[in-house]
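2 protein chains.
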Amino acid sequence: MKVAKFGGSSVASAEQIKKVCNIITADAERRLVVVSAPGKRCKEDEKTTDLLIALADQYLLKGSAEAELQKVIARYEDIAQNLNLGTDIIEEIRADLKARLAIDTNNPGLFMDSLKASGEDNNAKLIANYLQSLGIEAHYINPKEAGLLVSNEAGNAQVLPESYDNLYKLREKSGILIFPGFFGYSPEGTLVTFPRGGSDITGAILAAAVQADLYENFTDVDSVYVVNPNLVENPQEISELTYSEMRELSYAGFSVFHEEALAPAVRASIPVCIKNTNNPSAPGTKIIAKRQYALNPVVGIASDTGFLSIYVEKYLMNREIGFGRKLLQILEEEHVSYEHTPSGIDSISVILRANQLNAEKEMRLVERIKNELKVDKVEIERGLALIMIVGEAMHQTIGIAARAVSAIQRSNVNIEMINQGSSEVSMMFGVKEEGADKAVRSIYEEYFEKSYVEEALQNPYPVRS
Amino acid sequence: MKVAKFGGSSVASAEQIKKVCNIITADAERRLVVVSAPGKRCKEDEKTTDLLIALADQYLLKGSAEAELQKVIARYEDIAQNLNLGTDIIEEIRADLKARLAIDTNNPGLFMDSLKASGEDNNAKLIANYLQSLGIEAHYINPKEAGLLVSNEAGNAQVLPESYDNLYKLREKSGILIFPGFFGYSPEGTLVTFPRGGSDITGAILAAAVQADLYENFTDVDSVYVVNPNLVENPQEISELTYSEMRELSYAGFSVFHEEALAPAVRASIPVCIKNTNNPSAPGTKIIAKRQYALNPVVGIASDTGFLSIYVEKYLMNREIGFGRKLLQILEEEHVSYEHTPSGIDSISVILRANQLNAEKEMRLVERIKNELKVDKVEIERGLALIMIVGEAMHQTIGIAARAVSAIQRSNVNIEMINQGSSEVSMMFGVKEEGADKAVRSIYEEYFEKSYVEEALQNPYPVRS
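Given below as structure tokens:
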């Protein structure tokens, strides 16, 4: 049994939904299907979810929102007509939306969640209806009836453990099951949406619950690329990636999907495959627990901007038991989360996402560090980018660091920071933001354009046994 | 005014003491002299301090220790005879030792401190006596009378702030002042010794107190070398070194002296010079706050073994606010101090000195991390060496990291860890202990043997403005 999830662009129009249904029916194992709300049909289009947010906002403000409601229904009408469906499904959707607008608006979070979630919910009904119209056994699955139970935090639902046993029973149902993504229900029966990457979360939970052989995540790219395609023309595709590698790449700006959404599937060791709805014969990128290592120990390169470093210096710092802990405690008390803490003997730098510090918080933080830790110097440096070079085989390969730092050096970018741990999947470099793209291109060249294989054979770097 | 400190080997025999007195009298600015107890005269010899410890131990055990006492006195007798001094000084030393043995043994720590400190104290009296015998105005200075006040922790005295004002008055005294190293007095009048590097500490305190123009630290090597002379034959000498550079080098196995002993001089910005009693015309190594940078951005290379890493892995670790702080808190509660914490997204390694963990503590630590932090994996890896490449100009030089990692790679040693911060004096590499010497030799070759200057001119690495 496979779980297939289709993102917004895959279900944005009748034409796309036909592609989706061809994909579903091409493999008898694709029995559990998670769908998003209709996304953008072209760059200028609006997502259904955004139309629904506008509808909810207007309704909360004015107590009515006929034009906004009509705009939402028009999206489904357009799809239904082009799929040659009857008007029943549109009437069902209209009634559903009216019922949602009629619920209590005194809790605007729950009201908003209910309207937002209708995008996925009604699209699932519509797609099930379309499959049925083709004579295929298909069922819309209601998350409440199926038992997808979540914590009661509007917009930030967390799956409850009992969901897995409930959802396991879906295995016994016949036909193709169309499951709306993005939301579940609290034990009290309230609809609650997931955080960012909501439909991906639903897919991952279902894949884990039914113990799927594969979780297919259909999107609009052929695969995950070894580097951001906006930086390098036609970059190489990644055929296999481990969970850890995916996570490290996603961390530093890989935006194929929100990788934390995968967590339930990762924990259950379900293989994941990223595929393209518009080119389903492309092999895609497989994300698995363990992979065969290729000759190239690097699997991907990513970078992200918007970091800053807090540099703290104090003579004899490393003899002061508890210094690092106290520094991190101050950050915690100020609700600042940090990424890395490279250190010298008398100095430590804390690298964090810069958007956490406004001017006032920055000043307070610097003052607290100065006064409470009695340090000699505190300096804040903004405009830092982190570059990650990722590959599980890297730490077994002598010379890997040398090639990476040489590549950055060739791009004429200074390395502000290197962070490489004892048994890790990645190597991290800090550079000034303005140099990040140049450095990434140079690293890509080093590992993916200079015909690594040939060079490695000519001038082999020893590999640890 | 200069403060000169002479170590144990510099005052081990009459011959050495003559050298010392020649050095003192060669420069009229050398007015405040700190001396150690007589050290080893040859490799097989015993240090006076060790004889004194044996004396104290035996006395505490048996209530008498005539043979041990005689052994100590014999050392001074030998020196005094060869300096053509009268017997008065030996009788004075004998009476002093007997008085020390007569004090209350109910506090063995203080008893031991008093006997240990007699090595420096009596040697100072003897050297002052010798200078006087040459017709030079010289005075033995009693630390109690001079007001060197310290905290009352046997073997671990910390200087009290009021000492500096007290000792400043030594400037007004005429003649050459011979001050015994290694100990001070608590405000209640108890003799207490300093921790490791005790005479160096006394020198640094005096240099700071009298606002000396220079603190000369006389030892038995011509200078500090850029690398451990046991690893590389005739390594280059370091002519100038900043305080920070010295500290980073000392941290990783540079054993010219215990660098923390310098702290009082560093805080008062007193320049320090390491010189050789046996070759006083050699320029030595100057340790100062700021130096002119040479073309070679690297000033020294050091390494130290005996580290271990605790590798901790937990999925979604970097989203868990407080994780790092909690990990460090556990270490703190277990009284384990750590050196560095390189980190990935879902992993963090804690590098620490391995001698802190016996099998029982290691087990408890691993259990606590597993249970309290609910991590996926904890692994301890022993046998780690840290290599430091030190130089303040390094972080302004593009390509410095590339050359270092290439050099390590050429030595066929795998880099387990790299730790380089945002504005630091050093770059740190972790390698397996068995590879450390090879890697250090290769780094030395890269920076000091390949005629850096010529190569840099031929193929210049850009320097940040």
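Here the protein sequences line up with chains A and B, keeping their order.
Under UniProt numbering, think of the first position of the first sequence as 1, with each following residue one higher.
Under UniProt numbering, think of the first position of the second sequence as 1, with each following residue one higher.
Ideal Cβ placement from N, Cα and C applies to all residues, glycine included.
These figures come from a predicted structure and were not determined experimentally.
- Using a CB distance cut-off of 8 Å, Y215(B) does not count as an interface residue toward chain A.
- Think of a sphere of 9 Å around the beta carbon of P187(A): no beta carbon from chain B falls inside it, the nearest being about 24 Å out.
- Looking at A282(A), N152(A), V226(A), G383(A), the one whose alpha-carbon comes closest to that of F307(A) is G383(A).
- The region 425-436 of chain B makes contact with the region 383-397 of chain B: 3 or more CB pairs, one atom from each, lie closer than 8 Å.
- When C-alpha distances from L373(A) are compared across A117(A), G324(A), K361(A), N412(A), the shortest belongs to G324(A).
- The residue from P264(B), E334(B), N82(B) with its alpha-carbon nearest to that of G322(A) is E334(B).
- At least 8 Å separates the CB of I201(A) from every CB of chain B.
- Along the region 321-347 of chain B, going in chain order, the ones with a CB nearer than 7 Å to a CB of chain A are I321, G322, G324, R325, L328, Q329, E332, S337, E339, H340, T341, P342, S343, G344, I345, D346, S347.
- Per DSSP, the beta-bridge partners of F307(A) are R353(A), L384(A).
- Residue environment: S151(B) is assigned as exposed (fewer than 16 neighbouring CB atoms within 10 Å of its CB, all protein chains considered).
- F194(A) carries a coil assignment under DSSP once its states are collapsed to helix, strand and coil.
- Residues of the same chain with a CB within less than 6 Å of the CB of V159(B), apart from the 5 flanking positions on each side, are V150, I205 in chain order.
- Neighbours of A204(B) in chain A, taken as residues whose beta carbon is under 8 Å from its own, are absent, since the nearest beta carbon is some 13 Å off.
- Using beta-carbon distances, V266(B) counts as an interface residue toward chain A, with a partner under 8 Å.
- Nearest Cα to V35(B) within the set M1(B), P143(B), E367(B): P143(B).
- Taking P342(B) as the centre and dropping the five residues before and after it, the same chain places the C-beta of S349, M417, N419 closer than 7 Å to its C-beta, in chain order.
- At least one CB atom of chain B sits nearer than 8 Å to the CB of Q420(A).
- Short of 8 Å from the beta carbon of R75(B), and not among the five residues preceding or following it, lie these beta carbons of its own chain, in chain order: P38, T48, L51.
- With a minimum length of 3 residues, the unbroken runs of beta strand (DSSP E) contained wholly in the region 169-221 of chain B fall at 176-180, 183-185, 191-193, 214-219.
- Put simply, the region 118-138 of chain B does not touch the region 164-173 of chain B. Fewer than three CB pairs are less than 8 Å apart.
- Counting only the Cα atoms, E433(A) lies some 21 Å from V336(A).
- In the DSSP assignment, F323(A) falls within the unbroken alpha helix (DSSP H) covering 323-333.
- E162(A) and I408(B) have their C-alpha atoms spaced approximately 53 Å apart.
- Using a Cβ-Cβ cut-off of 8 Å, E260(B) is close to L316, R319 of chain A, given in chain order.
- Interface annotation for the region 236-247 of chain B against chain A: Y243, S244, R247, criterion Cβ-Cβ distance under 9 Å.
- Using a CB distance cut-off of 8 Å, V159(A) does not count as an interface residue toward chain B.
- At a cut-off of 8 Å between beta-carbon atoms, Y251(B) makes contact with chain A.
- Within the region 13-43 of chain B, the complete alpha helix (DSSP H) runs of at least 4 residues fall at 14-26.
- At the C-beta level, S239(A) and K286(A) come within 8 Å of one another.
- For T48(B), the secondary structure class from DSSP, reduced to helix, strand or coil, is helix.
- The beta-carbon separation of T193(B) and A99(B), rounded to 17 Å, does not stay under the 8 Å limit for a contact.
- Chain B has a Cβ within less than 8 Å of the Cβ of I415(A).
- Look at S303(B): its C-beta is not under 8 Å from any C-beta on chain A.
- Residues of the region 349-368 of chain B whose Cβ lies closer than 9 Å to any Cβ of chain A, in chain order: S349, I351.
- Beta-bridge analysis with DSSP links H395(A) to no other residue.
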